[in-house]
Amino acid sequence: MQLVLEPPHMGKNWIFFANDLANDKGFVAHEPCYHRIPDSERWTVNMYLREAAEEFGIKQFIFNQCQWEGSTGWEFWTDDKVKIKAVVEKVAERLGLTVDTTALG
Numbered sequence: 052m053q054l055v056l057e058p059p060h061m062g063k064n065w066i067f068f069a070n071d072l073a074n075d076k077g078f079v080a081h082e083p084c085y086h087r088i089p090d091s092e093r094w095t096v097n098m099y100l101r102e103a104a105e106e107f108g109i110k111q112f113i114f115n116q117c118q119w120e121g122s123t124g125w126e127f128w129t130d131d132k133v134k135i136k137a138v139v140e141k142v143a144e145r146l147g148l149t150v151d152t153t154a155l156g
């Protein structure tokens, strides 16, 4: 799995991606896929992101905007870079991975 924090562009805000998700083959956006692919890393990433966003008080400002096989991406509808950084670093830590947050300043 690879974590990427993408800066705002083309009308989108900051987006936190988890790419190259293991066991995600067969994922179809907007379908109830959990029972088809219960071992996908997607479910763990999504859970950790929601929990971290709640912990740092911005759960109402996140949206799972990007969903396709092998990737999940959450858009932040806030300009609070301190909280965005806290959330993505918390998720990375829980996953045992790193994420480049230098673009946040």
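In terms of the numbering used here, the sequence shown opens at residue 52 and continues consecutively. Glycine included, every Cβ here is placed at the ideal spot set by N, Cα and C.
Limits of the alpha helix (DSSP H) - the one that residue i falls within
{"i": "valine 17", "result": "Here the chain has residues from 52 to 156 only, and residue 17 is not among them."}
Assigned exposure category for residue i - 16 Cβ within 10 Å defines buried
{"i": "alanine 104", "result": "buried"}
{"i": "alanine 154", "result": "exposed"}
{"i": "tryptophan 119", "result": "exposed"}
{"i": "aspartate 75", "result": "buried"}
Residues of its chain near residue i, where Cβ-Cβ distance is below 8 Å and the 5 sequence neighbours each way are ignored
{"i": "threonine 123", "result": "Phe68, Ala69, Leu72, Arg93, Val96, Asn97, Asn115 and Cys117"}
{"i": "threonine 149", "result": "Leu54 and Ala143"}
{"i": "proline 58", "result": "Trp65 and Ala154"}
{"i": "isoleucine 88", "result": "Asn74, Asp75, Lys76, Gly77 and Phe78"}
Close beta carbons around residue i, own chain, < 7 Å, minus the five adjacent residues each side
{"i": "phenylalanine 107", "result": "Lys134, Ala137 and Val138"}
{"i": "methionine 61", "result": "none"}
{"i": "aspartate 90", "result": "Asn74"}
Does the pairing of the stretch 129 to 141 with the stretch 106 to 115 give three or more beta-carbon distances under 8 Å?
-> yes
Sequence ranges, alpha helix (DSSP H) only - wholly within the stretch 69 to 130, length at least 4 = 92 to 106
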